[in-house]
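Peer 1:
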Amino acid sequence: MKKALSILLLLVAMLTPGWAQEEPAETEQPAEESKSESKESEEERRWRTTFTPLLWLANNSTTISYGDRSRNFTLRAADALGNLEAGGTFRLGVSNDEWGAFADLFFIGLGDTSNVGPLGNIPLRTEVDNTVWQVAGTYRVVDKDNFDLDVLAGVRGYSIDVDVTVQPFTGPAGVLAFPGRSLSRGLSFVDPIIGGMAKWELSDKWALDFYGDIGGFGAGSDFTYRLGTGFDYSFNDTVSARAGYTVVDFDYSAGSGFDKLRYETTLYGPNLGLQFKI
67 MKKALSILLL LVAMLTPGWA QEEPAETEQP AEESKSESKE SEEERRWRTT
117 FTPLLWLANN STTISYGDRS RNFTLRAADA LGNLEAGGTF RLGVSNDEWG
167 AFADLFFIGL GDTSNVGPLG NIPLRTEVDN TVWQVAGTYR VVDKDNFDLD
217 VLAGVRGYSI DVDVTVQPFT GPAGVLAFPG RSLSRGLSFV DPIIGGMAKW
267 ELSDKWALDF YGDIGGFGAG SDFTYRLGTG FDYSFNDTVS ARAGYTVVDF
317 DYSAGSGFDK LRYETTLYGP NLGLQFKI
């Protein structure tokens, strides 16, 4: 009887609030830790926006072929800044460190005047305006402490306008020999692209990145590629300076036989600007 009473008292004691409160106390801490980890994960995966305006000192190397005739010309912004009428790139991007998307806009306008003809007295003005836009989605396949690798797929569009002007000139006797003439041609097309981009965090302030893609495959151009690299220096969590180098190349053709038009262009040069993170 005493033994049974002792067991009953023990069971009652185990069911009292003093005993019952110890169980939640042991489970509360893991719950708080889980909640904290969840908040940190949400913070890491939240969507961030970046805006990157850059000055692009691009050169333009172009070969235009029509039928069996072709003309090569290279306009170099580096030779004289006077050749550069306008040049810039802009990127707007969003990312949650796993999925992302970005839109790029490139514009480069170059102009050059040279004297041609047997006597070198015919002034020829060439102006080339290239507008390139790109939209792509990204997915992170490698996410390390100091290294990230993303794959991407999207589309890139081109709009090219070429203006060639033979300016009026006079002959040996000072008589007007040619009143002048202008010729304008333009083309536009859109290419599918695939590629990737990688970034190394070299320190708390410095980072190095690489970009590469290929595309075209006959959908718009015959073939296109884009390569780029750059250094970032962070002033704070919001603003960083950027310096890099970008190459955009495409090979476009249309028509056949004597009417076949082929346009091969490479835009290349350094860029410099800022990046803003929101």
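Heads up: take any position in the sequence shown, counting from 1, add 66, and you land on the working numbering. Note that CB positions come from ideal geometry on N, CA and C, so glycine has one too.
Kindly indicate which three-state DSSP category ARG31 falls into: helix, strand or coil?
Peer 2: Because the chain in this structure spans residues 67 to 344, residue 31 falls outside the shown range and cannot be described.
Peer 1: At what residues does the beta strand (DSSP E) containing GLY296 begin and finish?
Peer 2: 289 to 300 is the extent of the beta strand (DSSP E) around GLY296.
Peer 1: Smallest Cα separation from TRP272: which of ILE260, VAL305, PHE173?
Peer 2: Nearest option by C-alpha distance: VAL305.
Peer 1: Using the three-state DSSP reduction, which class does ASN337 fall into: helix, strand or coil?
Peer 2: It is a strand residue.
Peer 1: Just curious, the beta strand (DSSP E) that ALA320 is in, first and last residue?
Peer 2: Start and end: 305 to 320.
Peer 1: Could you check what DSSP says for GLU164 in three-state terms: helix, strand or coil?
Peer 2: Coil at GLU164, not helix or strand.
Peer 1: Based on the DSSP output, what are the partners of SER269 in its beta bridges?
Peer 2: For SER269, which the question treats as bridged, DSSP gives no partner whatsoever.
Peer 1: DSSP three-state label for ILE344, please.
Peer 2: Correct three-state label for ILE344: coil.
Peer 1: Would you list the one or two residues that DSSP bridges to ASP227?
Peer 2: In DSSP, ASP227 forms a bridge with ASP195, GLY252.
Peer 1: Taking a contact to mean a Cβ-Cβ separation below 9 Å, would you say PHE297 touches THR116 in this structure?
Peer 2: No, these two residues do not count as a Cβ contact at 9 Å.
Peer 1: Does the Cβ of ARG191 lie closer than 8 Å to at least one heavy atom of the ligand HEM?
Peer 2: This structure lacks the ligand HEM; in fact it carries no ligand of any kind.
Peer 1: From this set, ILE226, ASN162, GLY286, which residue's C-alpha is nearest ARG206's C-alpha?
Peer 2: Of ILE226, ASN162, GLY286, the residue nearest in Cα terms is ASN162.
Peer 1: When you compare the CB positions of ALA308 and GLY261, do they come within less than 9 Å of one another, or not?
Peer 2: According to the sequence shown, residue 308 is Arg rather than Ala. Their beta carbons are not under 9 Å apart, which means ARG308 does not touch GLY261 by this criterion.
Peer 1: Three-state secondary structure (DSSP) at PRO234?
Peer 2: Reduced to three states, the DSSP call for PRO234 is coil.
Peer 1: Pull the bridge partners of ASN125 from the DSSP assignment, please.
Peer 2: ASN125 pairs with TYR334.
Peer 1: Suppose you measure from the CA of PRO234 to the CA of ARG191; what does that come to, to the nearest Å?
Peer 2: Cα-Cα distance, rounded: 11 Å.
Peer 1: Given a threshold of 16 other Cβ atoms within 10 Å of its Cβ, counted over all protein chains shown, does PHE316 qualify as buried or as exposed?
Peer 2: Burial call: buried.
Peer 1: From the DSSP output, in three-state form, read off ASP211 for me.
Peer 2: DSSP places ASP211 in coil when its eight states are reduced to three.
Peer 1: Nearest by alpha-carbon distance to ASP257: which of ILE280, VAL194, LEU340 is it?
Peer 2: Selected option, being the one with the closest Cα: ILE280.
Peer 1: Here's the rule: buried if 16 or more other CB atoms are within 10 angstroms of the residue's CB, otherwise exposed. What is GLU330?
Peer 2: That one is buried.
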